[in-house]
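Student:
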Amino acid sequence: MSPRLILFPVPLSQAPGSPADVMPARNIELLSEVRHFVVENLRSARRFLRSAIPDFPIDDCTFSELNRHTRPEDIAAMLEPMSRGFDMGVISEAGCPAVADPGADVVALAQRKGYEVVPLVGPSSILMALMASGFNGQSFAFAGYLPVDDAARASRLKEMQRRIIREGQTQIFIETPYRNNRLIASLCETLPSDMLLCVASDITGPDQSIVTLPIARWRGRKYNYDKIPTIFLLHKN
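If you're matching positions, the sequence shown starts at 349 in our numbering and goes up one per residue.
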């Protein structure tokens, strides 16, 4: 059989718990067979492996870190075990690898080399937030991180607003967790009062909160999402 690049989703929440709570048993069965990994963060990947399979032989494995600090010319060597016929796994820090994640670079290389790429079922903050928002799931766009600069962020939000009004398209984006509260304040200053904002926080975790309200109500609402993984969605009322 030809080697496979297997994309393993991991839990979204950092709270203690079993990966079996949010992913199929088949994922863990496949995980038990893999010994070569490309990971976004070595520490979190090792923690995931131990929580999924307590007696996983981590010392027998090889790990390559692929993150924002990785040089493009270093990625090719990460797939070397596949050239010897071994399956490999890709593990993100949270959620689905290769979606808003540097793992996409190694997947692209595997595709160019003709290797089989196997995506597995698991938690995705983008899709789960969209499912629970009540917004348009037929047409949506994920914008990643908004600009930090105030003027550039306001311009991006105006562009999103036009897409929402013209096409009814749901707009989805994220922020560095320690800036979540500031982002909501900025949205309240920039967007019209009747625009709908969904804030989805700690998805699948013990403190999960998914709230959809007009901007006018967010302006007077008490909240604290700082340091909690959160995703934001906008739509028209």
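Every residue gets a Cβ at the ideal spot worked out from N, C-alpha and C, and that includes glycine. Computed from a predicted model, the values in this text were never measured in an experiment.
Using the rule of at least 16 other Cβ atoms within 10 Å of the residue's Cβ for burial, across every protein chain shown, is A456 buried or exposed?
Tutor: With fewer than 16 other Cβ atoms within 10 Å, it is exposed.
Student: Is Q509 helix, strand or coil when you go by DSSP?
Tutor: Helix, per DSSP.
Student: Please go through the same chain and pick out, in chain order, the residues whose beta-carbon is closer than 6 Å to the beta-carbon of E381, but skip the five residues on each side of it.
Tutor: Once the five neighbours on either side are set aside, E381 has no close Cβ partner at all.
Student: List the residues that DSSP assigns as beta-bridge partners of R352.
Tutor: In the DSSP output, where bridge partners are listed per residue, R352 has E464.
Student: Exposed or buried, what is V469 when buried is set at 16 or more other beta-carbons lying within 10 Å of its beta-carbon?
Tutor: Burial call: exposed.
Student: Output the boundary residues of the beta strand (DSSP E) element that contains T410.
Tutor: Counting along the chain, the beta strand (DSSP E) containing T410 begins and ends at T410 to E413.
Student: In chain order, which alpha helix (DSSP H) runs of at least 4 residues are fully inside the stretch 469-552?
Tutor: For the stretch 469-552, whole alpha helix (DSSP H) runs of length 4 or above, ordered along the chain, are 473-481, 498-515 and 528-538.
Student: Judging by CA-CA distance, which residue of L427, S412, L414 and L379 is the nearest neighbour of P405?
Tutor: Nearest C-alpha to P405: L379.
Student: Need the endpoints of the beta strand (DSSP E) that M436 sits in, please.
Tutor: Unbroken beta strand (DSSP E) run through M436: M436 to I439.
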